[in-house]
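Engineer: Pasting in a structure now, in structure tokens, and then I'll have a few things to ask.
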Amino acid sequence: MDKKGKVGGDDEEMIIMENNKRERDNVVISIEQMLMELPLINPQSFMYKVPKLHLKVNETVYTPQLISIGPFHHGQPQLMAAQQYKLRALKTYLSRVNMRDEEAMSLAKSWEEKARSCYGRPIHMNKHDFAKMILLDGCFILEFMNSIILHSCFGEVDEDWIDYLLLSGLMFDLKRDLTMLENQLPFFVLQQLFDLLPFPQNNNEKDPTIYFMECMEKLFTATTVQYEFPSSLISSSKHNVKHLVDLLRLFYEPSPETEEYKKFIGTQEIKFIHPPTITELCEAGVNIQRAEEANSFNGLYFQKWGFENSTFHNSLQL
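Numbering (my numbering), first residue to last: 38 to 355.
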């Protein structure tokens, strides 16, 4: 810098170099911070959001309409009307197990870390709110099952958690919401809550886990099919069920013990079917003609011995 305060060539070059170094350092710090904040990949996670590509086709198919279960749709305004029934279900459940709400929250907090790790994306809820959510949602599912399938076999309570006529009217819509992929709790949470209930005397010889899975299966299938869930399949899968949708998958999966299943697996071969080309169709004797009216390649019009699409008129010579 000269006496008049002007920056010389060497000084100007040094300032530019310092500025560039500072910018590089800031970029490095920014990247390091981003890497530190990057959530860990958890190989144990198994609950994910539905891809946006599927949502664009029909969002209603994948979105709960009455009640939110789990964190993905928690707190959405259009689903808050069901919150009062979750609270009533919690009150009824605590009455059945003779537990105070402080004890129930302490128990739910002990499950929080494991339950949070089951979701395939970061859940922006603190420990207390997350534990409260899984407790309320889990008690709602159990009381819903108890009202529909078990008919209060775990003991009577002073008051019903929901009007039965209202429950009957909403039953199918509630079942629909409870079987949505984005509307799930880890199955172990439901199992832990179920295990605290007084076990019915007429089922004291059954494994509680198997009994619970049978009850949940009946909740979602009793009105559609009359099929006995193979106990052997439940027993072999009881430690692997991830959520309610996974349980229904097991229900619809053929039993490996049947001869039909073994025969089917033994004869299965991977086959790829390639449709014939226009040349192959002509060589096979198909007479191809241009359609009179062509609007789309997707339109097909069948006649006695052929079909017509947007580009060609096809007749089969047999």
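We put the CB at the ideal spot given by N, CA and C, even for glycine.
For a quick check, are the C-beta atoms of M84 and Q229 less than 9 Å apart?
Structural biologist: Taking 9 Å as the Cβ cut-off, M84 and Q229 do not qualify as a contacting pair.
Engineer: Answer yes if the stretch 143–152 comes into contact with the stretch 163–176, meaning at least three C-beta pairs across the two stretches below 8 Å, and no otherwise.
Structural biologist: Segments in contact, yes.
Engineer: Excluding the five sequence neighbours on either side, which residues of its own chain have a C-beta within less than 7 Å of the C-beta of K255, listed in chain order?
Structural biologist: So the list reads I186, once near-sequence residues are dropped.
Engineer: For N183, is the classification buried or exposed, using 16 other Cβ atoms within 10 angstroms of its Cβ as the cut-off for buried?
Structural biologist: N183 comes out buried.
Engineer: Measure the C-alpha to C-alpha separation of Y122 and I178 and round it to an integer number of angstroms.
Structural biologist: About 11 Å.
Engineer: Of the choices R137, C252, S154, D174, whose alpha-carbon is the least far from that of L116?
Structural biologist: Checking every option, the nearest Cα to that of L116 belongs to D174.
Engineer: Are the beta-carbon atoms of K86 and W198 separated by less than 9 Å?
Structural biologist: Taking 9 Å as the Cβ cut-off, K86 and W198 do not qualify as a contacting pair.
Engineer: Report the partner residues of Y156 according to the DSSP bridge assignment.
Structural biologist: BP columns for Y156 point to M84.
Engineer: Taking DSSP as the reference, what is the three-state secondary structure of N163?
Structural biologist: N163: coil per DSSP, three-state reduction.
Engineer: Tell me the rounded alpha-carbon separation between Y156 and E219.
Structural biologist: Computed Cα separation, rounded: 10 Å.
Engineer: Report yes if the CB atom of F181 is closer than 9 Å to the CB atom of A126, and no otherwise.
Structural biologist: It is a contact, given that the beta carbons lie within the stated cut-off.
Engineer: Check whether the Cβ of F181 sits closer than 8 Å to any heavy atom of the ligand MG, and report yes or no.
Structural biologist: Looking at this structure, you won't find the ligand MG or any other ligand, since it has none at all.
Engineer: List the whole-angstrom C-beta distance separating V98 from L233, where the pair is believed to meet the contact cut-off of C-beta under 8 Å.
Structural biologist: Rounded, the Cβ-Cβ distance is 35 Å, inconsistent with contact.
Engineer: So for V94, helix, strand or coil by DSSP?
Structural biologist: Three-state result, V94: helix.
Engineer: So M170 and P108 are supposed to be a Cβ contact under 8 Å. How far apart are they, rounded?
Structural biologist: Sure, about 7 Å apart at Cβ, within 8 Å.
Engineer: Where does N324 sit, in a helix, a strand or coil, going by DSSP?
Structural biologist: Three-state DSSP puts N324 in a strand.
Engineer: Helix, strand or coil for P108? Go by DSSP, reduced to three states.
Structural biologist: Coil, per DSSP.
Engineer: Indicate the three-state DSSP secondary structure (helix, strand or coil) for V35 in the structure shown.
Structural biologist: There is no way to answer for residue 35, as the model of the chain reaches only from 38 to 355.
Engineer: What residue does the alpha helix (DSSP H) around L230 start on, and which one ends it?
Structural biologist: Segment 224–232, the alpha helix (DSSP H) holding L230.
Engineer: For Y201, count neighbouring Cβ atoms within 10 angstroms of its own Cβ and tell me buried if that reaches 16, exposed if not.
Structural biologist: That one is exposed.
Engineer: Can you look up D62 in the DSSP assignment and give me helix, strand or coil?
Structural biologist: In this structure, D62 counts as helix in the three-state DSSP scheme.
Engineer: Which same chain residues end up closer than 7 Å to S82 when comparing Cβ atoms and leaving out the 5 residues on each side of it in sequence?
Structural biologist: So the qualifying residues of the chain are S154, C155, Y156, G157.
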